Amino acid sequence: MAGMVVKNMSFKVGQTLTIVGKAQTDATNFALNVGPNEKDITMHINPRFNAHGDTNAVVCNSYQDGKWCEEHREGGFPFHQGEEFKINILFTPAEFQVSLSDGSVIHFPNRMGAEKYSFISFTGDARVTSIEIK
1 MAGMVVKNMS
11 FKVGQTLTIV
21 GKAQTDATNF
31 ALNVGPNEKD
41 ITMHINPRFN
51 AHGDTNAVVC
61 NSYQDGKWCE
71 EHREGGFPFH
81 QGEEFKINIL
91 FTPAEFQVSL
101 SDGSVIHFPN
111 RMGAEKYSFI
121 SFTGDARVTS
131 IEIK
């Protein structure tokens with residue numbers, strides 16, 4: 001499972017994180033993680049083509065104190081194997097507003113309540129071509 005890690009980055013309330021990538025032609029799933037460090041994940045976004053018992057679903061969650069929290073399912077599924085995708089994440093004090101390319105929006109609560117996160121990782125069957133925070 002090839003992955004990418006960005007540390008010591010600053011993603012703050014009021015900013016938007018934009019990720020552009022391309023899913024592999026045989027992708028089963030991939031995940032984007034945002035958090036304070038390598039151990040905790042504030043926001044885990046996991047588009048699943050066919051993985052963990054799900055087909056064409058985006059599953060969000062948090063990982064705290066060594067365990068997964070409650071899964072959150074919302075939004076459409078604009079991802080296609082072998083094609084480019086774009087995910088925009090607006091960070092507000094209360095939540096992450098994740099906009100997908102089909103116009104659907106996922107409202108995921110900022111469960112840890114911090115105003116800044118510094119760690120991003122990306123794993124699974126896709127390649128990130130661009131990351132932008134502004």
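Residue numbering for the sequence shown follows full-length UniProt numbering, starting at 1 and increasing by one per position. Here a beta-carbon is modelled for each residue, glycine too, at the ideal position from N, C-alpha and C. These numbers were taken from a predicted model, which means no experiment stands behind them.
- Here the alpha carbon of Gly-103 sits roughly 30 Å from the alpha carbon of Asn-37.
- DSSP, reduced to helix, strand and coil, places Asp-102 outside both helices and strands of the structure shown, so it counts as coil.
- Taking the C-beta atoms as reference points, Ser-99 is found no nearer than 8 Å to Asn-110.
- At a Cβ-Cβ threshold of 8 Å, Thr-123 and Phe-30 count as neighbours.
- When the beta-carbon positions are compared, Ala-126 and Gly-82 stay at least 8 Å from each other.
- The beta carbons of His-52 and Asn-61 sit no closer together than 8 Å.
- Cβ contact annotation for Tyr-117 (same chain, cutoff 7 Å, sequence separation greater than five): Phe-11, Val-34, Gly-35, Pro-36 and Thr-42, in chain order.
- If you compare the alpha carbons of Pro-47, Gly-3, Gln-15 and Asp-26 with that of Pro-93, the shortest gap goes to Gln-15.
- Under DSSP, the beta-bridge partners assigned to Met-4 are Phe-122.
- Contact between Lys-86 and Thr-18 holds: CB atoms are separated by about 7 Å, below the 8 Å threshold.
- When the five nearest sequence neighbours on each side are left out, the beta carbons in the same chain lying within less than 6 Å of the beta carbon of Glu-84 are those of Lys-22, in order along the chain.
- For Gly-3, the CB contacts under 7 Å within the same chain, skipping 5 residues up- and downstream, are Ser-121, Phe-122 and Thr-123 in chain order.
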